[in-house]
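Enquirer: Numbering (the working numbering), first residue to last: 21 to 279.
Printed below as a string of structure tokens:
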């Protein structure tokens, strides 16, 4: 199947995986900034953007298709939100192909559980129900949640809206399967067993991934590099681009000589 990719720059390779309902265009400007120092490969998840559709949007199938587009040499992967879940699964299934992981607004157990911070299950169910009533309005509501409370809210909503309109919206069945994937996936054990460098970047105003996840992940993986961005929501690559670039470049340099 065809997986759409956009490649920028040269040098050390980092692969970027976007979040639920989106595509590579959402962080194209950020990717091009990062590409001033590295080679950046942006992939559309299967059934998203310009990539071909899977018969079922399941984690194993997603990873099996994406890994075919990875460079042969071990690389660094940055996953945003759902993309972080996919990145962890890729590392679990294809450990020698990934030498370091960076999770942006990611959570190995996305939905709140006993003794674990996460998205409220009622909110996720509301999304699923609303998708059936009005898919487009639900996606716009989802976008607004990602930047709720930020000073430049109106500008960011417009940017996300434009990105959403760049490609056809994923089929309703794909969006629903994506929410089920987030609801049912628990990769905390993968985090605990990681033998590679791991970076976690969270926004202290994120309404989907609570900032408490940071310390909880550190208890699973003491070697975790944790950064909390002040006044950031769920899309720091738009709202806090410069700060995020500094953090990622520092992490990339730390990992540069890791075999």
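Note that CB positions come from ideal geometry on N, CA and C, so glycine has one too.
All values reported here derive from a predicted model rather than from experimental measurement.
Any chance you could list the beta strand (DSSP E) runs of at least 3 consecutive residues sitting entirely within the region 108-170, in chain order?
Expert: 118-124
Enquirer: Under 8 Å by Cβ, that's how I've got residue 101 and residue 137 pegged, so tell me the actual separation to the nearest angstrom.
Expert: One-based indexing of the chain shown puts residue 101 at position 81. One-based indexing of the chain shown puts residue 137 at position 117. With 8 Å as the limit, residue 101 and residue 137 do not qualify as a contact, their Cβ atoms being about 15 Å apart.
Enquirer: Please give me, in chain order, every unbroken run of the alpha helix (DSSP H) with length at least 4 that falls completely inside the region 168-207.
Expert: Taken in chain order, the unbroken stretches of alpha helix (DSSP H) that lie wholly in the region 168-207 and span 4 residues or more are 173-186, 192-204.
Enquirer: Here's the rule: buried if 16 or more other CB atoms are within 10 angstroms of the residue's CB, otherwise exposed. What is residue 239?
Expert: Walking along the chain shown from the start, residue 239 turns up at place 219. When all chains shown are included, residue 239 counts as exposed.
Enquirer: Roughly how many angstroms lie between the CA atoms of residue 230 and residue 133, to the nearest whole one?
Expert: Translated into positions along the chain shown, residue 230 becomes position 210. Translated into positions along the chain shown, residue 133 becomes position 113. The C-alpha of residue 133 is placed about 12 Å away from the C-alpha of residue 230.
Enquirer: Residue 55 and residue 29 look like a contact to me (Cβ under 8 Å); what is the Cβ gap, rounded to whole Å?
Expert: Taking the chain shown and counting its residues from 1, the one referred to as residue 55 is at position 35. Taking the chain shown and counting its residues from 1, the one referred to as residue 29 is at position 9. Between residue 29 and residue 55 the Cβ distance is about 3 Å, and since that is below 8 Å, they are a contact.
Enquirer: DSSP beta-bridge partners for residue 244?
Expert: Counting from 1 along the chain shown, the entry for residue 244 is found at position 224. Partner(s): none; residue 244 has no beta bridge.
Enquirer: Where do the ends of the alpha helix (DSSP H) carrying residue 60 lie?
Expert: In the chain shown, residue 60 corresponds to position 40, counting from 1. Note, residue 60: premise wrong, no alpha helix (DSSP H); beta strand (DSSP E) at 59-63.
Enquirer: With respect to the beta strand (DSSP E) encompassing residue 95, which residues constitute its N-terminal and C-terminal limits?
Expert: Within the chain shown, numbered from 1, the residue matching residue 95 stands at position 75. Counting along the chain, the beta strand (DSSP E) containing residue 95 begins and ends at 95-100.
Enquirer: Among 35, 41, 23, which residue has its Cα nearest to the Cα of residue 186?
Expert: In the chain shown, residue 186 corresponds to position 166, counting from 1. Minimum Cα distance to residue 186 is reached at 41.
Enquirer: Please check the pair residue 170 and residue 259, which I expect to be a contact at CB under 8 Å, by giving their CB distance rounded to whole angstroms.
Expert: The residue you call residue 170 lines up with position 150 of the chain shown. The residue you call residue 259 lines up with position 239 of the chain shown. Confirmed, Cβ separation roughly 6 Å.
Enquirer: Judging by CA-CA distance, which residue of 191, 127, 81, 62 is the nearest neighbour of residue 24?
Expert: Residue mapping note: residue 24 aligns to position 4 of the chain shown, counting from 1. Per the Cα distances, 62.
Enquirer: On a Cα-Cα basis, can you pick out the residue from 198, 115, 264, 121 that is closest to residue 241?
Expert: Working through the chain shown from its first residue, we reach residue 241 at position 221. Out of 198, 115, 264, 121, 121 has the C-alpha closest to the C-alpha of residue 241.
Enquirer: Assuming residue 26 is part of the beta strand (DSSP E), what are its boundary residues?
Expert: Within the chain shown, residue 26 is the residue found at index 6, counting from 1. 25-28 is the span of the beta strand (DSSP E), which, as asked, contains residue 26.
Enquirer: Which partner residues of residue 223 appear in the DSSP bridge assignment?
Expert: What you label residue 223 is simply residue 203 of the chain shown in a count that begins at 1. For residue 223, which the question treats as bridged, DSSP gives the partners 249.
Enquirer: With a cut-off of 8 Å, do at least 3 Cβ pairs link the region 64-81 to the region 93-100?
Expert: Touching, no.
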